[in-house]
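Take a look at the structure below.
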Amino acid sequence: MPPSRDERPRPSGARVFAGDAAARYDGWFETPAGRYARELENELLTRAAGDVRGVRVLDVGSGTGLHLELFAGMGARGVGLEPSPDMLQRAEERLRRRRVHLVQGRAEALPFRDRSVDLVTMVTSVEFVADARAAFAEAARVSRRRVVVAVLNAWSLSARLRRLKRNLGPTLFRAVRFYNPHELRRALTRHLKTPLEMATTLHFFPLYDRRLRRPLAAADRWLTRRGGLWGAFLVAWADVETRKK
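Residues 387 to 631 in our numbering are what the sequence shown spells out, letter by letter.
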């Protein structure tokens with residue numbers, strides 16, 4: 387049987403985010419649209435992660451440290467794993483005053499013992515993982531409490547435009563595998579046996595205008611509460627199954 391689309395090998399994030407790609411990634415989040423996206427994304431990630439005060443959080447594919455910065459600010463003890471040296475360098479600069487430890491490595495072979503962290507997060511990183519099935523299995527192996535996975539939603543307007551763009555010329559999204567909610571649920575429930583929760587935000591993205599920021603944010607938050615699953619940022623989370631002694 388051929389592998390499903392979520393299992394087919396893809397280029398590693400270490401190659402995708404080499405050189406100035408790391409700087410471009412950080413730079414986008416400093417734009418008005420980027421700040422708007424980060425605000426709404428962080429709200430949903432905070433909901434999915436729960437109370438992280440004193441919790442050891444492993445962020446797999448931690449990039450330039452944006453999400454580790456969020457969790458550290460909430461009182462977590464962060465660990466970041468990232469394959470790209472250029473992304474790690476920028477993360478070190480961002481997080482030098484935080485309680486965070488950074489490691490270079492791959493999501494498919496986490497250098498951590500079984501059940502050695504409380505929470506594993508994977509935020510828009512599995513799209514660039516060469517073997518997603520192995521990455522999800524590793525996340526479930528090392529977490530003793532919860533796994534949170536955030537991806538670029540294939541059902542969103544944003545994903546449709548990005549797929550069109552990658553057919554027109556060079557773009558980092560050429561290496562991306564977009565998941566829809568059904569595909570993400572199927573991939574994760576192989577490894578997480580407790581009920582999986584799911585939500586999206588950025589329903590109108592990339593149709594953003596700073597003059598409409600407040601009404602857009604209000605509408606986005608309302609749709610997230612109502613359970614809309616076509617937002618650009620899709621988050622799924624579940625507790626790890628309690629193992630018998």
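Just so you know, even glycine gets a beta-carbon here, dropped at the ideal spot from N, CA and C.
Among the options, the one whose alpha carbon lies nearest that of residue i
i	options	result
Glu427	Arg439, Val443 and Phe457	Phe457
Glu496	Pro418, Phe591 and Asp445	One point to set straight first is that residue 496 is Leu, not Glu, in the sequence displayed. Comparing Cα-Cα distances from Leu496 to each of Pro418, Phe591 and Asp445, the minimum goes to Asp445.
Val441	Asp412, Val486 and Tyr411	Val486
Gln475	Glu455, Ala462 and Thr450	Thr450
Asp500	Glu494, Arg480, Ala516 and Ala525	Ala525
Glu425	Leu602, Ala622 and Glu627	Leu602
Thr510	Ala523, Leu538 and Ala520	Leu538
Leu582	Val534, Trp414 and Leu431	Val534
Leu578	Leu481, Ala521, Arg549 and Arg600	Ala521
Gly381	Arg439, Ala536 and Pro469	Outside the shown range of the chain, which is 387 to 631, sits residue 381, and nothing can be said about it.
Leu574	Leu593, Pro592 and Arg519	Arg519
Leu481	Ser470, Leu454, Phe591 and Gly491	Leu454
Phe514	Pro469, Gly413, Leu550 and Arg530	Pro469
Gly420	Arg612, Gln490, Val512 and Pro592	Pro592
Arg597	Pro418, Arg548 and Leu550	Pro418
Ala604	Arg571, Tyr411, Glu429 and Leu547	Glu429
Close Cβ partners of residue i (< 8 Å) along its chain, the five nearest in sequence each way excluded
i	result
Arg391	Unreliable positioning characterises Arg391 in this predicted model, as indicated by a pLDDT of 44, which lies under 50. A coordinate reading is not provided.
Leu588	Ala423, Leu426, Glu427, Ser542, Ser544, Asp606, Gly617, Ala618 and Phe619
Arg532	Ala435, Gly436, Asp504, Leu505, Val506, Trp623, Ala624, Asp625 and Val626
Gly614	Thr586 and His589
Asp595	Leu602
Leu431	His453, Leu456, Thr507, Val509, Val534, Ala536 and Val621
Arg530	Arg501, Ser502, Val503, Asp504 and Val626
Gly491	Leu467, Glu468, Pro469 and Pro497
Arg571	Leu582, Met584 and Ala622
Expected contact under 8 Å - CB spacing of residue i and residue j to nearest Å
i	j	result
Gly464	Arg484	7 Å
Ala435	Leu505	6 Å
Gly447	Ala493	6 Å
Leu488	Glu478	6 Å
Met473	Ala408	5 Å
DSSP bridge partner residues for residue i (one or two, in chain order)
i	result
Val446	Leu467
Glu505	Here the sequence assigns Leu to residue 505, which means Glu is not the residue at that position. BP columns for Leu505 point to Val443 and Arg532.
Asn428	None, per the DSSP bridge assignment.
Tyr565	Asn539
His487	Val465
Ala622	Val535 and Met584
Sequence-distant residues of its chain with Cβ nearer than 7 Å to residue i (five each side left out)
i	result
Arg527	Asp500
Arg599	Tyr422
Thr580	Ala624, Asp625 and Glu627
Contact set for residue i: own chain, Cβ-Cβ below 6 Å, skip 5 residues either direction
i	result
Phe498	Val528
Asn566	Ala540 and Trp541
Leu609	His589
Pro471	none
Phe415	Arg424
Ala523	His577
Asp517	Glu494
Pro389	Legend: pLDDT at Pro389 = 34, less than 50; position of this residue unreliable, value from coordinates given subsequently. Taken in chain order, the list of residues that qualify is empty.
Complete runs of the beta strand (DSSP E) confined to the region 576-615 [at least 3 residues]: 583-587
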